[in-house]
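Student: Mind looking over this structure? Questions follow.
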């Protein structure tokens, strides 16, 4: 006679439970992924990602306040309490498309881009590209202010 087996309880990960709680498929209206049941919206858990509705996800990860596991627990807690979570479920393609408009251009960085190394002058601090083209009056004003600053520093050194 075979030994009696106790049933094995499968424990789902918090991420898979959060994915199921959010509906289990991509919620983007533009998602063109067609499932086996002929419905649109990716339902492959390997391609699904949590998306911050108001943005700010990369800053939160950088600060260490959001990880995939903590986001999953937060989603489960919010749904259990009847609140709307601050995340939605998107497939990887829709997530990249959704977050791209916020990340385009030089405005992504806090400083303007550096000039090419070939255009840098040796023994001078790193020059940066200007945000927009200056008019002649703007250039003249900038040169005047730089000359005044240089003149005042010389006067202070000679005292």
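In the working numbering, the protein residues as written are 249 to 407. All residues carry an ideal CB built from backbone N, CA and C; glycine is no exception. Note that the structure is a prediction, hence the values are computed from the model and not measured.
#1: Closest to residue 343 by CA distance: which of 271, 277, 266, 264 is it?
#2: For a test of the three-state rule: what should DSSP assign to residue 339, helix, strand or coil?
#3: Throw me the rounded Cβ distance for the residue 270 and residue 337 pair, which I believe falls under 8 Å.
#4: If you scan the segment 291-339 from start to end, which runs of the beta strand (DSSP E) of 3 or more residues do you find wholly inside it?
#5: Which residues mark the beginning and the end of the alpha helix (DSSP H) in which residue 390 is found?
#6: Please determine, among 285, 297, 332, the residue with the shortest C-alpha to C-alpha distance to residue 315.
#7: Just the C-alpha distance for residue 317 and residue 324, rounded to the nearest angstrom, thanks.
#8: Exposed or buried, what is residue 304 when buried is set at 16 or more other beta-carbons lying within 10 Å of its beta-carbon?
#9: Using only the alpha-carbon positions, how far apart do residue 407 and residue 399 sit?
#10: Less than 8 Å separating the beta-carbons of residue 371 and residue 281?
#11: Do the CB positions of residue 273 and residue 284 come within less than 8 Å of each other?
#12: Drop a sphere of 10 angstroms on the beta-carbon of residue 320, count the other beta-carbons inside from all chains shown, and report buried for 16 or more, exposed for fewer.
#13: The alpha helix (DSSP H) that contains residue 263, what's its start and end?
#14: Tell whether a beta-carbon distance below 8 Å holds between residue 346 and residue 299.
Tutor: Looking at the coordinates:
#1: 277
#2: strand
#3: 4 Å
#4: 296-300, 335-339
#5: 384-406
#6: 297
#7: 11 Å
#8: exposed
#9: 13 Å
#10: no
#11: no
#12: buried
#13: 262-269
#14: yes
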